[in-house]
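**Student:** Input: one structure, supplied below.
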DNA sequence: ATACAACAATTCGTCATACCTTTAAGACGA
DNA sequence: TCGTCTTAAAGGTATGACGAATTGTTGTAT
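Chains as they are written, first to last, in the working numbering: chain A, 115 to 372; chain B, 115 to 372.
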């Protein structure tokens, strides 16, 4: 009953079992603000006692949290929560924790603001650089969107695939990484966007816009690709804001057992 | 004057001693491409033997590398190098390792490409949002640049401070994080840029450009701030390319003991 | 021969315990 | 008041043993 669902989270994190439990639990506690920056965590033996695990496991979990910038570990001093500006926000786990702790809205808005900046630029680069495989990926994503107008989940996934493909086609390693880090989080955002009661026409319009981006990239028209992509992102932004306002808030996706 | 030298790396990583040694060594080995993606690392006991440390320390180091996305650890299978697209490129250590392993040039160019995208946008946001403290930081950085025309190192640092202040003033958590992650690496880039024999006039022109950005932000003229900032970044880009071509390559900065 | 079930071997995962190293903080003396 | 010494608290490292997961193989029945 415990790993029963893995709802949308990446279980590919290569860490399982006890440590994963500790990392998740403490990570969420910190991101959720239950221990404030500057404050101390219990000592390693104490944590071990709390979770009924050995100090070894606690320490390995702490190393991971430290690598994510959440905590600072100092000998003789103890383990202290870092200021949020040190948190590695380009980390899928931290993004997910924000979401699960109900602090996802602000992050989502910042993220969309960033997408407004990055995605048009990525589309422009893609127009000049995309190779054959990447053109194919783009087209495939569009077609899948078209085919899945009635399946919100699959539609969202195809939508995501399209945007990731654009990042990839930009041939910039940072943009590529950004896409892959953010993809889990973005999938959630897309699903929320769809909760805004958008009729079938709205979805079809969305597909058409995406298709225009695709064709602009295909023709090598960077400027048009960028402009259209900006429209796509802004369109999504307003859907998201609408969905957030209309109550169906983030947290209904983040519930889970434990 | 004792933290005075810390060559250029951030030793603030809260990890010291044995583990740090292992992390650095293996991290550089992987980023340097000496073990290819998909290949296996030695088993934990073997690594322990190689480095003359206990399995405990090896494992804690591995956890960190795994959190950075460099390796994938699986029970009974072993530890395998991940594909580069999984590497967390928004990580100061990984950026530094790229640099130290002589693979920094490509990364630097991708990074500058990203700055061309992000910084004008950040400047535009800053023009609308910067608070009083942030205005002060910007002004202070400009003045320091002006004062340090003869001290390349200090000039570079002030230059960096200015750009970081712009990210901060954008009030977007992702942009802020990006600045802080990239700052170490960027400092190196700025120093390299200065190796392009730029006379005093060139530096003064640079200061003047930065100042125009500052004033545009001050007046709340987002568009002008963005345009001028783009000029600044492009100016830096051409200096960097010139410096890279003229031989004085990256690696003379990355030498160190050990 | 093929399919499937049981088993063994390997590698990471966890545990318990002991001791080392660093460093904050108080005691002490100049 | 200042600098030095002592000490105790917290993390850092070392061993050795056993647990758990997964792969590959062996063996058996069809």
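The C-beta atom is built at its ideal place from N, Cα and C for all residues, glycine as well.
Treat the numbers as computed from the prediction; the structure is a model and nothing was measured.
(1) Given that residue 224 of chain B touches chain A, what residues does it touch there, using C-beta distances under 7 Å?
(2) Could you check how far apart the C-beta atoms of residue 206 of chain B and residue 295 of chain B are, in whole angstroms? I think they sit under 8 Å.
(3) Residues of chain A with CB closer than 8 Å to the CB of residue 139 of chain B, please, in chain order.
(4) Of all the CB atoms in chain B, is at least one closer than 8 Å to the CB of residue 199 of chain A?
(5) Can the beta-carbon of residue 133 of chain B be found less than 8 Å from the beta-carbon of residue 174 of chain B?
(6) Can you confirm whether the region 186-199 of chain A touches the region 192-208 of chain B when touching is taken to mean that 3 or more C-beta pairs between the two stretches lie within less than 8 Å?
(7) Using the beta-carbon of each residue, which ones in chain B are nearer than 8 Å to residue 252 of chain A?
(8) Determine the closest residue to residue 145 of chain A out of A:228, A:222, A:215, A:308, with distance taken between C-alpha atoms.
(9) What number of angstroms, rounded off, separates the C-alpha of residue 228 of chain B from the C-alpha of residue 276 of chain A?
(10) How about the region 303-312 of chain A and the region 233-253 of chain A: do they share at least three Cβ pairs that are nearer than 8 Å?
(11) How far does the beta strand (DSSP E) with residue 186 of chain B in it extend, from its first residue to its last?
(12) To the nearest angstrom, how far is it from the Cα of residue 287 of chain A to the Cα of residue 212 of chain B?
(13) Listing by chain order, which chain A residues have their CB less than 9 Å from the CB of residue 351 of chain B?
(14) Could you check where the alpha helix (DSSP H) with residue 342 of chain A kicks off and where it finishes?
(15) What does the Cβ neighbour count give for residue 327 of chain A, buried or exposed, with the cut at 16 atoms within 10 Å?
(16) Given a cut-off of 8 Å on the beta-carbon distance, is the pair residue 312 of chain A and residue 353 of chain A in contact?
(17) By the 10 Å Cβ neighbour count, where 16 or more other Cβ atoms means buried, how is residue 293 of chain B classified, buried or exposed?
(18) Please name the residue or residues paired with residue 195 of chain B in a DSSP beta bridge.
(19) Assuming residue 167 of chain A contacts residue 136 of chain A under a Cβ cut-off of 8 Å, what Cβ separation, rounded to an integer in Å, is found between them?
(20) Would you mind telling me which residues of chain A sit closer than 7 Å to residue 301 of chain B, beta carbon to beta carbon, in chain order?
(21) For residue 270 of chain B and residue 242 of chain A, what's the separation of their Cα atoms in angstroms?
(22) Report the residue from A:221, A:235, A:272 whose alpha carbon sits nearest the alpha carbon of residue 285 of chain B.
(23) For residue 276 of chain B, does the three-state DSSP call read helix, strand or coil?
(24) So which residues on chain B does residue 227 of chain A lean against when the C-beta distance must stay under 7 Å?
(25) Along chain B, in chain order, which residues have C-beta atoms closer than 8 Å to that of residue 340 of chain A?
(26) For a cutoff of 8 Å on Cβ pairs, would you count residue 274 of chain A as touching chain B?
(27) Rounded to whole angstroms, what is the Cα-Cα separation between residue 116 of chain A and residue 140 of chain A?
(28) Does any residue of chain A bring its CB to less than 8 Å from the CB of residue 125 of chain B?
(29) Based on DSSP bridge pairs, tell me the residues matched to residue 288 of chain A.
(30) Would you verify that the beta carbon of residue 168 of chain B is, or is not, closer than 8 Å to some beta carbon of chain A?
(31) Would you list the one or two residues that DSSP bridges to residue 374 of chain A?
(32) Using a C-beta to C-beta distance shorter than 7 Å, which residues of chain A count as neighbours of residue 240 of chain B?
(33) Give the DSSP bridge partners of residue 304 of chain A, in chain order.
(34) Along the region 172-197 of chain A, where does the CB come closer than 7 Å to a CB of chain B? Name the residues.
(35) What number of angstroms, rounded off, separates the C-alpha of residue 274 of chain B from the C-alpha of residue 154 of chain A?
(36) Opposite residue 154 of chain B in the DSSP bridges: which residues?
**Tutor:** Taking the structure as given:
(1) Residues of chain A passing the Cβ test: 286, 287, 288.
(2) Between residue 295 of chain B and residue 206 of chain B the Cβ distance is about 6 Å, and since that is below 8 Å, they are a contact.
(3) Among the residues of chain A, none has a CB under 8 Å from the CB of residue 139 of chain B; the nearest is roughly 17 Å distant.
(4) By this cut-off, residue 199 of chain A is an interface position.
(5) Yes.
(6) Counting C-beta pairs closer than 8 Å gives fewer than three between the region 192-208 of chain B and the region 186-199 of chain A, which falls short of the contact rule.
(7) For residue 252 of chain A, none of the residues of chain B pass the 8 Å Cβ criterion, the least Cβ distance being about 18 Å.
(8) When each option's Cα is compared against that of residue 145 of chain A, the closest is A:215.
(9) Computed Cα separation, rounded: 20 Å.
(10) Segments in contact, no.
(11) Here the beta strand (DSSP E) through residue 186 of chain B covers 185-188.
(12) Computed Cα separation, rounded: 13 Å.
(13) The contacting residues do not exist; residue 351 of chain B stays about 14 Å from chain A at best.
(14) Where residue 342 of chain A is concerned, the enclosing alpha helix (DSSP H) starts and stops at 336-359.
(15) With 16 or more other Cβ atoms within 10 Å, it is buried.
(16) Going by C-beta atoms, residue 312 of chain A is nearer than 8 Å to residue 353 of chain A.
(17) Burial call: buried.
(18) DSSP lists B:185 as partners of residue 195 of chain B.
(19) Residue 136 of chain A and residue 167 of chain A do touch by the CB rule: their CB atoms are close to 7 Å apart, below 8 Å.
(20) Chain A residues near residue 301 of chain B: none, gap ~18 Å exceeds 7 Å.
(21) In a straight line, the C-alpha of residue 270 of chain B is about 33 Å away from that of residue 242 of chain A.
(22) The shortest C-alpha separation from residue 285 of chain B is found at A:221.
(23) In the structure shown, residue 276 of chain B sits in a helix (DSSP, three-state: H, G or I).
(24) Going along chain B in sequence order, the residues near residue 227 of chain A (Cβ under 7 Å) are 286.
(25) Within chain B, no residue comes near residue 340 of chain A; the closest Cβ sits about 10 Å away, beyond 8 Å.
(26) No, no contact with chain B.
(27) Caution is warranted here: a pLDDT of 34 is assigned to residue 116 of chain A, below 50, making its placement in the model unreliable, and no coordinate value can be reported.
(28) Per-residue confidence for residue 125 of chain B stands at a pLDDT of 44, beneath the threshold of 50, marking its modelled position as unreliable; the derived number appears in the next sentence. Interface annotation, residue 125 of chain B: not in contact with chain A, CB-CB separation never under 8 Å.
(29) DSSP lists no partner for residue 288 of chain A.
(30) Chain A contact via Cβ: absent.
(31) Chain A is shown only over 115 to 372; residue 374 of chain A falls outside these bounds and no answer can be derived.
(32) Result: empty, since nearest Cβ-Cβ is about 13 Å, beyond 7 Å.
(33) When beta bridges are read from the DSSP output, residue 304 of chain A appears opposite no residue.
(34) So the list reads 173, 174, 177, 178, 180, 181, 182, 186, 187, 188, given in the order they occur along the chain.
(35) Using only the alpha carbons, I get a separation of about 32 Å.
(36) Note: residue 154 of chain B sits in a beta bridge opposite B:194.
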